[in-house]
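**Q**
Residue numbers (my numbering), protein chains in the order written: chain D, 18 to 89; chain F, 18 to 89; chain V, 18 to 89; chain H, 18 to 89; chain Y, 18 to 89; chain A, 18 to 89; chain L, 18 to 89.
1) With a Cβ-Cβ cutoff of 8 Å, do residue 83/L and residue 61/L count as a contact?
2) Give a yes or no on whether the minimum CB-CB distance between residue 83/V and chain H is below 8 Å.
3) Counting only Cβ-Cβ distances shorter than 7 Å, please list the residues of the region 64-88 of chain L near chain A, keeping chain order.
4) By how many angstroms is the C-alpha of residue 31/F removed from the C-alpha of residue 58/F?
5) Using DSSP bridges, identify the partner residues of residue 64/L.
6) DSSP three-state call for residue 80/H: helix, strand or coil?
7) With respect to the alpha helix (DSSP H) encompassing residue 25/F, which residues constitute its N-terminal and C-terminal limits?
8) Under 8 Å by Cβ, that's how I've got residue 42/D and residue 81/D pegged, so tell me the actual separation to the nearest angstrom.
9) Where do the N-terminal and C-terminal ends of the beta strand (DSSP E) with residue 34/L fall, by residue?
10) Take residue 79/L and list the residues in its own chain whose beta-carbon comes closer than 6 Å to its own, dropping the five residues that flank it on each side.
11) With a 10 Å radius around its C-beta and 16 neighbouring C-beta atoms as the bar for buried, classify residue 36/V as buried or exposed.
12) By how many angstroms is the C-alpha of residue 44/H removed from the C-alpha of residue 87/V?
13) May I ask you to report which of helix, strand or coil DSSP gives residue 85/A?
14) Within 8 Å (strictly less), CB to CB, does residue 49/Y reach chain H?
15) What's the gap between the Cα of residue 29/V and the Cα of residue 19/F?
16) Quick one, which residues of the region 25-55 of chain A are near chain Y if we go by CB-CB under 8 Å, in chain order?
17) Between residue 23/A and chain L, is any beta-carbon pair separated by less than 8 Å?
18) In chain order, what residues of the same chain lie with their CB nearer than 8 Å to the CB of residue 21/D, ignoring the 5 residues before and after it?
19) Which residues does DSSP list as the beta-bridge partners of residue 59/D?
20) So, for residue 64/A: in the same chain, excluding its five sequence neighbours on each side, which residues have a beta-carbon less than 6 Å away from its beta-carbon?
21) Within 10 angstroms of its Cβ, does residue 70/F collect 16 or more other Cβ (buried), or is it exposed?
22) Straight-line CA distance for residue 34/L to residue 46/A?
23) Restricting to Cα atoms, I'd like to know which of 25/Y, 27/Y, 40/Y and 26/Y is closest to residue 67/Y.
24) Can you tell me which of 24/A, 89/A and 51/A puts its alpha carbon nearest to the alpha carbon of residue 73/L?
25) Near residue 48/A, what residues of its chain come up, given a Cβ to Cβ distance below 6 Å and the 5 sequence neighbours on each side ignored?
26) Can you give me the Cβ contacts of residue 26/V inside the same chain, cut-off strictly under 7 Å, excluding the 5 residues immediately before and after it?
27) Please report the distance separating the alpha-carbon of residue 23/Y from that of residue 23/F.
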């Protein structure tokens, strides 16, 4: 039986795009996640309607997330 | 006794439309779900009032969801 | 002793109107509900201030709901 | 020792006014309540800044409620 | 060791002012409270930027509350 | 091992400034706190963009709080 | 197996930037965190679109946080 969080398990050390509730998007390399969908991303970059900022390593709190998509 | 989540059980590997609280809609093939209604969708596409974007595989966090409807 | 969710128990296979927090309303035939007030509706139709759309079968997430009223 | 929910216990089968977070108000006869302050109201009527609509029997989800006041 | 809810314990049968998240304020005599900070107020009166309305007895749901202050 | 709530433990009977989600700020003397970060403040004063009001003793519900800072 | 909160563990006594849901940003030295991602920061400074204010020591409530990034 597969589970939704398997999408994250198979994206370990790969680049993902995260859509936030604020409308911003964060791209980064997925290093770790937990059951709250808190994420550790490396080489992260956040982009909103106005600009794009390099953040490096981030802990992203799961309750801000709409969806996570592995980069194609 | 039937339960609401049976709607998802019977939609396995089928196309569903998801309405989000933000007003956006996501269409995709349902691969997995859990008790929080987190969803794993394949071949997903998100559409808001402005545009339509192909996302591929996504993990959608359940707390963003208004409703899920299997494609007719 | 009666409980609020008895309103749903007595509406099984009957038409209900659901008011959502977004201001939209959904009408449909109630097939199942759970303790989170997640609903399975058949022949559902959603209506907001702008238009009315047929959805067919839907799983409606309980945390979007203001009230549920059996059709008179 | 009295508890806040005793206000509801003493309003059984009596008319109450409910103020919602949306700003709307619902009047109806209180038939049942639970620990989440979900309410079953009969002969309910909802009124917002624009109009007043008869709803009949309703299940009102507790998390929408600001306050409940027995009709004087 | 004192606890924040002692402010309510020492205000039993006394007048309190409650600030709500909506910006409205409710004044009333505190009859009972519970661990969710649900309140039973008597002789309550609600005031927002537009008007002031007498409510009498009310059950106020704790999650709407910003702060509670005993009347000086 | 230190914990975030130690900031409150070391501010007992001292003046703190609290930033609320609404944008308002409350200053007062910290008398007690609990694990929800509910606060009992004495000699409290609330200030928003429009005015400053003395409140005296208050119970502040933790879920309204952004941050708490001991007065320097 | 690594976990997202390891980002915080490795930032002890180091400077971090915190993005809040309100759009404000707080910079400070991380002294402690807990499982709710409540943070104790020293030498904190908050910056929103209008101005920048020194706060000194703060307890930041975790539910306001979007992301935390160690300063590069």
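Yeah, the Cβ is synthetic: ideal placement off N, Cα and C, and Gly gets one too.
**A** So, to answer that:
1) no
2) yes
3) 72, 73, 74, 75, 76, 77, 78 and 81
4) 10 Å
5) 42/L and 69/L
6) helix
7) 23-26
8) Actually they are not in contact, since the Cβ atoms of residue 42/D and residue 81/D sit about 12 Å apart, beyond 8 Å.
9) 32-37 is the span of the beta strand (DSSP E), which, as asked, contains residue 34/L.
10) 53, 54 and 55
11) buried
12) 17 Å
13) Residue 85/A falls in the strand class under three-state DSSP.
14) yes
15) 11 Å
16) 37, 39, 43, 48, 49, 50, 51 and 55
17) yes
18) none
19) 46/D
20) 42
21) exposed
22) 29 Å
23) 40/Y
24) 89/A
25) 57 and 59
26) none
27) 47 Å
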